[in-house]
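Residue numbers (mature numbering (1 follows the signal peptide of the UniProt record, and there is no 0)): -21 to -1, 1 to 728.
In structure tokens:
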């Protein structure tokens, strides 16, 4: 495996060196390779800017690329993005959120049309609200900022930002065309999944509308597990059925060329039913041994959003353009678990039915104002970007349950250690208000761009305990929290030739103390433990540094980046404080510090620049390495993904009617693991091959076909097995699918 990975790295360096050589001898022929550094980002600077003018690493993918890679979910979306991953819980709960350079969970901000996605929250074995809440068929483009971006986006952007821009009617309605209609269908063999969707756009230059509908159905995702028992020894996938529906509706009114008003309705719903056979069987020993006879999960999640925005262009003393938006969004997660079990000692005659419910709801109302102004001051050009963000978030969660004795019919809400219903934190309102300012300064005939920026965030946390929380946490006082954070940044880009540039950036990040850490519902007097609030909890902070070198011309590109990030005051949830009055006391505290550093390389070459006989052939490659350490314990950070490299060779037909691409992915064995709590499974390295084909039948029909894991490699991804014991007898349960295929067809009218 090390040999394969060395080949990928050597190949990447070869691409970079060839790209640099091509940069010194530019061809006049049209570009034959996607110019990554000439893409436009609208997230990194809160305005349109080419990637080679941004002092950080940003990934941009449009709908066409997402389609060509046959990405059906957020894990597929970053399949070929070293340094970024999405974890998966295959036994039931599925995809989590994004991990960017070793930082994950709620420390990564996810935005949909400039509206925050809800938080992730999990507790125990039967409650896990995740962040897989966007359907990619409604996405116009996706951007990922690697590293802290709090200077523009505030709390939770401590690890980076993932931004989704949804489709818009103006993407389809143009002069001379008043309607657009397309139908898409697809199939993927790894989970027997089917997708059917359509996009309709109608209108004219003044008024236009769009409706995008997508439905997905499927079953459990294949793996390399071959034990198909109906108990805890099972390694084959648990039987599962899923379905999801997505609706995006947008209305755009353009009364004149200086004004655009948009109304958006965005809704996603999914439901997953799982027969958790891997949870069936005997657990525990002696008097505590329990035999679970059946375990069924029914999990649904729903996200609904309405937003109204206005963009207008008018040159005044303070702005050239103004954008404002007001929005409402609500996310609901409902998870139901039905378990049938009995004590091993008591036997089947004491069988009980346990029905558990978990509900997590987060609603937010927000408004934002964004202004831009271009000015010439002396010999420098300034692009000022500044504005206000305000959002109020209401978060509530509850677990409920009842146990029924199937022989006697007796019912109880006491399922130890819980007496239901319970709230694990009080219902909480969080208010956030922020002002930010950024100045992109160009001088030296545009060869230098210096970008200072700063954001001031005020946040207030207001807990509202009800009878449910109070009954479950007797005598536990809750606390509010109010604070202000300042997040500066400074970036510099120097274009020292027409095709080469260097950059450097410092960025400060922060994450406000979350509601579920400030006030914790974790009290059980009978079992001798309690949790206390922490009114002195401080925000988590980071200081990030990045330097890089880029080059791009019509035939090649490369980008090399090195980064160093320090994190302080990371919150340890439910840390043990001590024993008071005979009770074990727990409290969330700022105790952890971490350091992550690494390097990334991307390169691509149109081989026709080297030889006319290679017309249509391109090479692309990327590699990411990171190393992270807990500065308190001097142990490795387990959130760091192993070294990964991706390489691809593609051929485009002369008429661009078809394209075929072979992509190899090499991942090193996970070496550095914090096993202070016990030895953990270290997945071996692996190498996979994927074959992608893109076909255009005229302008109306597009077909994409992919065959993945051509060599039927058995492998594990670190994001999926992190924390599993080294001697786990069912580790094959977490393997990836073998050879599998996916295909989509889109017909346009």
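Even for Gly, the Cβ is constructed at its ideal location relative to N, Cα and C.
With 16 other CB atoms within 10 Å as the buried threshold, where does residue i fall?
{"i": "residue 99", "result": "buried"}
{"i": "residue 463", "result": "exposed"}
{"i": "residue 32", "result": "buried"}
{"i": "residue 558", "result": "exposed"}
{"i": "residue -1", "result": "At residue -1, the pLDDT of 44 sits below 50, so the modelled position is not reliable; the number obtained from the coordinates is stated separately. Under this definition residue -1 is an exposed residue."}
{"i": "residue 395", "result": "exposed"}
{"i": "residue 708", "result": "exposed"}
{"i": "residue 493", "result": "buried"}
{"i": "residue 480", "result": "buried"}
{"i": "residue 388", "result": "exposed"}
{"i": "residue 580", "result": "buried"}
{"i": "residue 310", "result": "buried"}
{"i": "residue 533", "result": "buried"}
{"i": "residue 62", "result": "buried"}
{"i": "residue 27", "result": "exposed"}
{"i": "residue 82", "result": "buried"}
{"i": "residue -6", "result": "Confidence at residue -6 is low in this model, with a pLDDT of 45, below 50, so the placement of that residue is unreliable and no value is reported for it."}
{"i": "residue 88", "result": "buried"}
{"i": "residue 691", "result": "exposed"}
{"i": "residue 286", "result": "buried"}
{"i": "residue 197", "result": "buried"}
{"i": "residue 591", "result": "exposed"}
{"i": "residue 4", "result": "Low local confidence applies: a pLDDT of 39 at residue 4 is under 50, so the model's placement there is unreliable, with the coordinate-based value given in what follows. So residue 4 ends up on the exposed side."}
{"i": "residue 713", "result": "buried"}
{"i": "residue 390", "result": "exposed"}
{"i": "residue 216", "result": "buried"}
{"i": "residue 8", "result": "Low local confidence applies: a pLDDT of 34 at residue 8 is under 50, so the model's placement there is unreliable, and no value is given."}
Between which two residues does the alpha helix (DSSP H) harbouring residue i extend?
{"i": "residue 44", "result": "42 to 47"}
{"i": "residue 617", "result": "Neither: residue 617 is in no alpha helix (DSSP H) and is coded neither H nor E."}
{"i": "residue 56", "result": "53 to 56"}
{"i": "residue 497", "result": "494 to 497"}
{"i": "residue 131", "result": "129 to 132"}
{"i": "residue 699", "result": "697 to 700"}
Which first and last residues belong to the beta strand (DSSP E) in which residue i is found?
{"i": "residue 737", "result": "Lying before the first or after the last residue shown, residue 737 is absent from the chain, which here runs from -21 to 728."}
{"i": "residue 437", "result": "427 to 442"}
{"i": "residue 548", "result": "535 to 559"}
{"i": "residue 321", "result": "300 to 322"}
{"i": "residue 332", "result": "331 to 356"}
{"i": "residue 359", "result": "359 to 384"}
{"i": "residue 234", "result": "219 to 235"}
{"i": "residue 188", "result": "186 to 198"}
Mind reading off the beta-carbon distance from residue i to residue j? Whole number of angstroms is fine, and I expect it under 8 angstroms.
{"i": "residue 35", "j": "residue 126", "result": "6 angstroms"}
{"i": "residue 149", "j": "residue 231", "result": "6 angstroms"}
{"i": "residue 718", "j": "residue 689", "result": "6 angstroms"}
{"i": "residue 345", "j": "residue 141", "result": "Residue 345 to residue 141, Cβ: 18 angstroms. No contact."}
{"i": "residue 701", "j": "residue 617", "result": "6 angstroms"}
{"i": "residue 114", "j": "residue 193", "result": "5 angstroms"}
{"i": "residue 248", "j": "residue 224", "result": "5 angstroms"}
{"i": "residue 102", "j": "residue 37", "result": "About 34 angstroms; that fails the 8 angstroms criterion."}
{"i": "residue 636", "j": "residue 162", "result": "So it is not a contact: roughly 21 angstroms between Cβ atoms."}
{"i": "residue 697", "j": "residue 620", "result": "6 angstroms"}
{"i": "residue 189", "j": "residue 147", "result": "7 angstroms"}
{"i": "residue 320", "j": "residue 272", "result": "6 angstroms"}
Are the beta-carbon atoms belonging to residue i and residue j less than 9 angstroms from one another?
{"i": "residue 416", "j": "residue 374", "result": "no"}
{"i": "residue 227", "j": "residue 117", "result": "yes"}
{"i": "residue 474", "j": "residue 552", "result": "no"}
{"i": "residue 522", "j": "residue 485", "result": "yes"}
{"i": "residue 203", "j": "residue 715", "result": "yes"}
{"i": "residue 169", "j": "residue 200", "result": "yes"}
{"i": "residue 250", "j": "residue 218", "result": "no"}
{"i": "residue 187", "j": "residue 176", "result": "no"}
{"i": "residue 608", "j": "residue 578", "result": "no"}
{"i": "residue 302", "j": "residue 238", "result": "no"}
{"i": "residue 372", "j": "residue 411", "result": "yes"}
Say yes only if the C-beta of residue i is nearer than 8 angstroms to one or more non-hydrogen atoms of the ligand MG, and no if none qualify.
{"i": "residue 668", "result": "Here there are no bound small molecules, and the ligand MG is not part of this structure."}
Quiz item: Touching or not, the segment 292 to 302 and the segment 277 to 284, by the rule of three or more beta carbon pairs under 8 angstroms?
Solution: No, the segment 292 to 302 does not touch the segment 277 to 284.
Quiz item: Would you say the segment 436 to 450 touches the segment 155 to 171, given that touching needs at least three Cβ pairs under 8 angstroms?
Solution: no
Quiz prompt | Cβ contact (3+ pairs, closer than 8 angstroms) linking the segment 555 to 575 and the segment 493 to 513 | solution = yes
Practice problem: Determine, using beta-carbon pairs with one atom in the segment 587 to 598 and one in the segment 560 to 579, whether at least three such pairs fall under 8 angstroms. | Solution: no
Self-check item: Cβ contact (3+ pairs, closer than 8 angstroms) linking the segment 524 to 538 and the segment 573 to 590
Solution: yes
Exercise. Indicate whether the contact test is met: 3 or more Cβ pairs, each with one atom in the segment 661 to 675 and one in the segment 619 to 638, closer than 8 angstroms.
Key: yes
Quiz prompt | contact_flag[the segment 333 to 349, the segment 304 to 318] where n(CB pairs < 8 angstroms) is 3 or more | solution = Result yes; three or more Cβ-Cβ pairs closer than 8 angstroms.
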